[in-house]
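Worksheet for the structure shown next.
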Amino acid sequence: MAEKYEVVGHNERRVDGTALVTGKPVFVADLPERPGTLHLALLTSPHAHARIRAIDTARAEALDGVALVLTHENTPDRTYTTAGQGYPEPSPYDTRMFNPKVRFVGDRVAAVAADSLATARAALGLIDVEYEVLEPVLSIDAALAEGAPLVHDEPCPDAWDAEHNIAAYSEAVAGDVEAGLAAAHTTVDVTIETHYGQHVPIEPHVVSSYLDEHDRLVLVSSTQVPFHARRIVGRLLDVPIHRIRVIKPRIGGGFGVKQEILIEDLLALTTLRTGRPATMSYTREQEFHASRTRHPMRIRVRLGADEDGTLQAIDMDVLSNTGAYGTHSLTVLSNVGSKTLPLYNLAPDVRFIGKAVYTNLPVAGAYRGYGATQGQYAMEVAIDQLAEALGMDALELRARNHIRTGGTSPIFRALGEGREGVEQTVSSCELEACIEIGADRIGWATKRGRRHREGSWVHGIGMSVHMQGSGIPLIDMAAASIKLNDDGSINLDVGATDLGTGSDTVLGQIAAEVLALPLEKVIVTSSDTDRTPFDTGAYASSTTYVSGTAVQRAAVAVRDQLIAAAAEMLDADPTTLEVASERVSDPDGDSVSFEKIALRALYGENQHQIAATASSVPESSPPPFIASFAEVAVDTDTGQIRVLDYVVAADCGTAVHPKLAEGQIEGAVANGIGYALVEDLAIDDRGRPRAIDLGRYKIPAATDLPRIETILVDSYDPTGPMGAKSIAEIGINAPLPTIANAVHDATGIWLTESPFTSERVLQALRAQGSGSGTG
Amino acid sequence: MRVSFTLNGTVTQAEVPPGTTLMELLRGLGAVSVKDGCARGDCGSCAVLLDGRAVTACLLFAGQVEGRQVRTAEGLADEVGLHPLQQAVLDAGGVQCGFCTPGILMAAVDLLDRIPDPTEAQIREGLAGNLCRCTGYVKIVDGIRDAAAMLAATGRTTDGEEAGDG
Amino acid sequence: MPLTQIEQYHRPTDVDAAWHLVRDGGGAAVLLGGGTDLVVRCPPAVTALVDLSEVGLRYVEHSDDGGLRLGAMSTFTDLLEHPEVAAYGTGAVGEMLAQVGSVLHRNSATIGGHVVRSRLSDVLPVLLALDATVAVYTGEHAELPLANYLEGEQGPHVVTEVRLPPPIPGAAAAFVRFTRTTFDHSIVNGCCRVDVAEGAVVAARVVVGESSTVGRRLSAAEDALVGAPLTSEAVAAAADAARRTADLHGDWIASAAYRQHLAGVTVERCLTTVIDRLQGGGA
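These protein sequence lines map, in sequence, to chains A, B and C.
Under the working numbering, the first residue of the first sequence is numbered 1, with each subsequent residue one higher.
Under the working numbering, the first residue of the second sequence is numbered 776, with each subsequent residue one higher.
Under the working numbering, the first residue of the third sequence is numbered 942, with each subsequent residue one higher.
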């Protein structure tokens, strides 16, 4: 169980908090504009599928103030992927900076750099493009149809089978699933369909670029992956890595969409070609139509169970729509299975088959949850259906089947991130306690199955359970450097990327804990490819677990150096010395302060820099677990759903900063509720998103949400830094199945297509004969 | 055109094109707490106080503040320290990425000026125009409630003792 | 990015000067009220803004006949915080204003600007149901019913006031809307007002709208109410008439059929509240 800590486990004030609440210029767009800065504007395709027959930029180039116009005719023809993943990226190289063929509404056609944004935008209107409009592929079924137009008709060797519009394929088999289903006492067969959602960080993508005094290219970017950005831009533009520096200041949310190298290349090329600083921010509209989205999927789950509810067979069949490019197509697809199937690890017969298909629709990418959101929706609705078929309580069925500490699953090994996975046993699992505590708090025993009615509103409660991972085992890598300063304070330099989660604070707490320092004596610098050591970046719920371990190791090494120096000063055996309250003490009570140690090391005897760098490559990815509960009310007159109460009991191991950990759950659940109920890009029949501003794409406001309650359950993961696991993504997987199951409890309908709009709910109620009206 | 107004207690003049928005005017004057999240009044990240009431700076023209009082998040803290709202929202865990925070603080000042002891529902209503994608609002609401209690305990208004602020 | 099309910014100090600027500007000059709509949807021909901040139209006053005169530059917040305005129509005005936009918008959006721009409105169905009128200045002052104002083509003019007639004894009203989220354009909205004398309905207003229209009176639903007591049967009949005759359109947010259905629910719920209010159930 959790040890007692001085700094870890406490709600320390965030290291960047004061700067943020006072509105200091800490975001990319806040930094002073450099003299001579060029502003970029982007021309995007109005067609879902078209070939550019001709593009004439002469009039745009002639406009006063225009410095550069970029098109496929004057930019590198190299293929790459925008996915900011480890190298080599497990996403197909199917993208070019600009392309003579456009593949979705929003695909790049041209970019203009000009003295002002107004001029750049005016110049866009002067670019003449002649399109040959091609038949678009606008659905998964259309993509797989015999003789379908090919989204990628050029050679696309990394894609699974571009000649059949298949970007990626993934499968895993254990036992004989058909035999298992045939032999089962009870089976269910559920198909769900999910829709296009967008991340909506409140800060859009924004990058500024310039040449420093040594003519090195500097990119200041709102990125989750500064090191991947440097590598990908360098390779794409043929610039050596050592000539590029990427700095990430504070960023205004990412949620996966800033794990993409979306505009860094444009800024880099502009500055390299012109020698001038440049800047560009996506408009909110571009954020919707020219950015990244959540993969829409169709998932069929079949379950077979014994009479007592023990699962015998699980079959999961996934069709994922990756849109026009295959960024994250394979890894999100395999995550649908790898983050869902191990949760119920008793079934001997398991099969997972998934395809990700190309369409001429918006490009899907990394989005918090990363496939688990879709997979767990299907699975958790199926589990509730199985419980109903068996006449069992939904909690009891889950309790009988879910994975526990020490448990394993063949899926861990079979499904990795673009390659085979890593065998794992679960090193900590408090899901039983999560279910019990959450059920008690929501009032499961007294409310479930009661269908309490108030006027046209009928109430129900539902739940679901979830897992995620903590980083990508044997792939993710993080490093941290610590050095001691004159006054006993330390610099903590990490490549890790705080995308707004507060990870700079969390990592600072881990260093402070090891070194017995107050947090204010830890100066955290992060995410600067020149100044900080490497880190793969902020994705896959990795930072606390993977980067935190690197920080812990570096801090332990510095602590050992402090002890060694103190041993000289105290003339003591180092193995007898202890570190506490910024001092090193011997058993007799003699001690020296860190400041004294630092002054001696820097200016006195045996002079040297007390410092260390350490790395972490995790061998496992311990899943966090949650049990999610909601009470909803459904208006049988209108189909409207209200989420009245929402409770999550979470096992994230040690919560390094409990309020930040709770905030991760609350924010993720809020996003998940929005996605479940209303958020929708609403693609029209020509492939254009209709919801392209925040007036049409509605994300929840404070008035749209209940008070989401998070209960952090006592837990300790022996492999994590001070017992910590991840918490950042898992919450977003919950609302789809929790709400669907609660609506079933209230009304008897199963919501298997998202989002759960009031019209869709009313239709389902009518189909069942319980909704008002006849229309 | 020339615009004269009071920004965070300081008489300010600026020369801007007549189609300039208030958001552009303020950011141009260095008040970068006024964030550009959508430029069409949907997200509330640019919220500022205009004569004490919170408005979206992206939907106003610069000329509309002529002769009026504008307050931004830069004008909340004083030499004594953070404004109670800044302190309470931060301590409650209401800041994640922080991009929406300044706008939320300004909406909260408006709210507490009108309703010094708001219920949770009133706090949420007061924030309905400020979108946050990170927090789920729970801890923002808590922070505003805590700030209300701090202000009540000290007998301060949201203006505090801030010298020179109208 | 500034609106580069704007070349001039006027700040007149009286209505007559404002009107001259608009008239003389042709289509190039536009009146600026709160501004909440203009920055986003400035007509391309506009090169001059006429800011009405200084013309003295931000007030709420009683008219001689006992009604209310809402100065065109009054913000929604001004009106919501004015007890008589909020309570007008047995509270229908207040319950509508409290749901329009967010507090950030209500603090700058003006009633006059809203009537002029006539977009995405929850306000207009309520004003229509309450028989509001509009005072306009075109070199001289005139007053016309809001419905006529909205239907007619207006030349250069300044809306100076929205007027609410004197309250009618024995009348009650209510407002209902359906949205995806709390701060959203309505899928369907509606306001019903019923005037009762000696136990029977003597006049009724049933107005139903949606996000892209300004709301329309449904005479079939009104006819179902007039001349009889306001019973639950009458409510059902009016709701049914609304469902049949609302003639709402479908789009990607909601189908026409669903909107028609909601029109019925809207009318039913408004009238149920009206009954409650007529019985003294509180505004």
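We treat Cβ as the ideally placed atom computed from N, Cα and C, and that holds for glycine.
Because the structure is a prediction, the values reported are computed rather than measured.
Chain C contact for residue i (CB, 8 Å cutoff)
i	result
A848(B)	no
A701(A)	yes
V678(A)	yes
R828(B)	yes
A48(A)	no
G769(A)	no
CB contact check: residue i to chain B, cutoff 8 Å
i	result
N671(A)	yes
D1125(C)	no
H1003(C)	no
L20(A)	yes
A29(A)	yes
T977(C)	yes
T1018(C)	yes
R1058(C)	no
E12(A)	no
8 Å Cβ cut-off: residues of chain B touching residue i
i	result
L42(A)	Within 8 Å Cβ-Cβ: nothing; L42(A) doesn't reach chain B, min ~16 Å.
P943(C)	V791, P792, G794, T795, T796, E799
Reference residue i, options the options, closest by Cα
i	options	result
G1007(C)	D1217(C), C1133(C), L1105(C), L1171(C)	L1105(C)
G776(A)	C909(B), G930(B), A924(B)	A query on residue 776(A) cannot be resolved here, the shown segment of chain A reaching from 1 to 775 and no further.
P410(A)	S91(A), E264(A), G337(A)	G337(A)
S481(A)	L341(A), V246(A), A168(A), V522(A)	V522(A)
S526(A)	V220(A), L269(A), D560(A), N335(A)	V220(A)
A566(A)	T536(A), P533(A), E605(A)	E605(A)
Other residues of its chain near residue i: CB distance less than 6 Å, five sequence neighbours each side excluded
i	result
N401(A)	L311, Y344, L346
R696(A)	none
G939(B)	At G939(B) the pLDDT is 37, less than 50, meaning the model places this residue with poor confidence; the figure from the coordinates comes in the next sentence. Taken in chain order, the residues that qualify are G784.
R300(A)	T191, D317
E1036(C)	F1116
T543(A)	A496, S503
G674(A)	I699, P700
E709(A)	V647
Closer than 7 Å at the beta carbon, the chain B residues around residue i
i	result
Q946(C)	G794
V15(A)	Ordered by position in chain B, no residue passes the 7 Å Cβ test against V15(A), which lies about 12 Å from the chain.
Inter-residue CB distance, residue i and residue j (contact presumed, cutoff 8 Å)
i	j	result
A837(B)	L887(B)	Contact flag wrong, Cβ pair sits at about 28 Å.
S1196(C)	E759(A)	7 Å
D306(A)	D176(A)	Rounded, the Cβ-Cβ distance is 16 Å, inconsistent with contact.
Min CB distance residue i to chain A below 8 Å
i	result
G873(B)	yes
Q844(B)	no
T1122(C)	yes
E895(B)	yes
S1049(C)	no
C818(B)	yes
V1064(C)	no
L1189(C)	no
L1203(C)	yes
D957(C)	no
Amino acids of chain A, ordered along the chain, whose beta-carbon sits closer than 9 Å to that of residue i
i	result
R815(B)	R284, D693, L694, G695
Cβ neighbours of residue i in the same chain (closer than 7 Å, five flanking residues each side left out)
i	result
G731(A)	I626, V648, Q664, I665, A668, V669, G672
T719(A)	S427, S620, P622
G1168(C)	A1141, V1142
Chain-ordered neighbours of residue i on chain C, where CB pairs are closer than 8 Å
i	result
R908(B)	Per Cβ cutoff of 8 Å: no residues; R908(B) is ~14 Å from chain C at best.
Beta carbon proximity, residue i to chain D, threshold 8 Å
i	result
L1171(C)	Given the protein chain composition of this structure (A, B and C), no chain D is represented.
Neighbour list for residue i in chain A, Cβ cutoff strictly below 7 Å
i	result
A1195(C)	E759
Same chain only: Cβ atoms within 8 Å of residue i, ignoring 5 sequence neighbours per side
i	result
L562(A)	L484, L515, V579, V584, F594, I597, I610
Residues that residue i contacts on chain A, provided the C-beta gap is smaller than 8 Å
i	result
L926(B)	Simply none; closest approach about 16 Å.
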